[in-house]
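In what follows, a structure is listed as structure tokens, so that the remarks can point back to it.
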Amino acid sequence: MTVGAIAGRWASLNWERGFLGYPTTDENCTLVNSGCVQKFQGGRIYWQPNTGANPIAGGIGFHWDQTAAERGPLGYPISGENCALVAGGCVQNFQGGYVYWQPSIGSHAVHGALGAKWVQMGYELSPLGYPVSDESCGGTPLSCSQYFQGGTITWPTFAGVSVTPSPSSTGVVVNKRRPNSPMNQTPPDLVWVGSQLMRSEAAWQFSQLVSGASAAGVPVTTVSGFRSYDTQVGLYNSYVSQYGRAVADTISARPGFSEHQTGLVMDVGNPNGACSLQACFENTPAGEFVRNHAWQYGFIIRYTWANDWATGYTYEPWHLRYIGVRTATDMHNRGYQTLEQHFGLAAAPTY
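If you're matching positions, the sequence shown starts at 402 in this note's numbering and goes up one per residue.
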């Protein structure tokens, strides 16, 4: 027999004609925290005073069972499945977190401190994408980590949560402590933007930025995009010859450590060359536009004023780094000035 809130939820799912089919048991109301469950041919409906009645089925339900169901860290479901996510993904919300399912990776739970960081990053729409593992904890002192399509979130319980995007991710962090991987890598999806190369997603968004600037009456030109490892060797050595290694390290990356090699960077300028690659660029029309609007197109000014303690480089208002619209918007809204700060990574002032 099916009655009460569970019956009402079953009715809302089209009774026996829905995905649950017919009931196969009566209600069982001996669950923790005054919960009830009823089993059906295609799944279950759980009810609890604080959550109401919600169905659970399929791969998400199976994975929830593996976490000890309502007795585990996730608690009771607080929604049904939502299968309107990118790349055919589904999610179900629980009291203590989420379970995600996607055809190519199966089901994985996200919760706790690692889950909170993933949520802050933008869920599956961030450079991290979907979870590809559950949380794993161990060691002394305790440390937890979880793998995602585009990187890893780590939480040493004695320190803060940090994110390490994978080398192929648009969120990859390249600095004086984090070289390109491999160090001589060339991205496979480079396309032309004017006379410069960028990765395809970044190139499209940069074209949108240029169009937006043009519509505002501000022409923005390309100066330098992708640079190969070999090109960086020549450029860095020329700075060393000119200024010495100590100064060169504050204005140019050593070979293998350049963001330009990621294909996610574009140095920009004004058509008349005003203040090209100089700090005064910030006060030119193009400089003011990118300072105020680059984030709307998924770009940040990577080397901001007075943050060389974190980035290792002096102020470069012309150096735009693509990280995706969602991530750039989050950094803008939170007032973060560096990728190191946003991802919770250690500063990289020196090699």
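For every residue, glycine included, the Cβ atom is placed at its ideal position computed from N, Cα and C.
Please read these numbers as outputs of a predicted model, since none were measured by experiment.
For the pair SER653 and TYR637, the CB atoms are nearer than the 7 Å cut-off. Taking one beta carbon from each stretch, the segment 667-686 and the segment 614-621 have 3 or more pairs nearer than 8 Å; the two touch. The segment 481-552 is shown to contain whole beta strand (DSSP E) runs of 3 or more residues at 491-495, 498-503, 507-512, 537-539 and 544-549, in chain order. The shortest C-alpha to C-alpha distance from VAL621 to any of SER677, ARG646 and ASN708 is the one to SER677. By the neighbour-count definition (other C-beta atoms within 10 Å, threshold 16), ALA747 is an exposed residue. For VAL669, the enclosing beta strand (DSSP E) covers residues 666-670. Setting aside the 5 residues that flank it on each side, ASN434 is surrounded in the same chain by GLN449, each with a C-beta closer than 7 Å to its C-beta; the list follows chain order. Only exposed fits TRP593, as fewer than 16 other CB atoms lie within 10 angstroms of its CB. Straight through space, the alpha carbons of GLY551 and GLN597 are spaced by roughly 26 Å.
Of the residues assessed, THR468 falls on the buried side of the cut-off, its CB having 16 or more other CB atoms within 10 angstroms. Per DSSP, HIS694 lies in no beta strand (DSSP E); the unbroken alpha helix (DSSP H) holding it starts and ends at 686-694. Proximity to PHE658 across HIS512, THR712 and THR571 peaks at THR712, based on C-alpha coordinates. Less than 7 Å divides the Cβ of ALA749 from the Cβ of ARG578. Within its own chain, the residues whose Cβ lies closer than 7 Å to the Cβ of LEU486, once the five positions on either side in sequence are excluded, are VAL492 and GLU525, listed in chain order.
In the three-state DSSP reduction, ARG646 falls in the helix class (H, G or I).
Contact between GLY745 and GLY725 is absent: CB atoms are separated by about 17 Å, not below the 8 Å threshold. In this structure, ARG722 lies near ARG703, with their beta-carbon atoms less than 7 Å apart.
Closest in alpha carbon position to ASN429, among GLY419, GLU417, TYR447 and TYR423, is TYR447. Distances from the CA of MET667 to each of HIS464, PHE607 and VAL575 were compared; the closest alpha carbon is that of PHE607. By the 16-neighbour rule on beta-carbons within 10 angstroms, MET522 is buried. Judged by beta-carbon spacing, TYR640 lies beyond the 7 Å limit of PRO656, meaning their Cβ atoms are not closer than that value. DSSP places GLN738 outside both helix and strand once states are collapsed to three, so it counts as coil. For the set ASP466, TRP710, LEU543 and ALA454, the Cα lying nearest the Cα of GLN742 is the one of TRP710.
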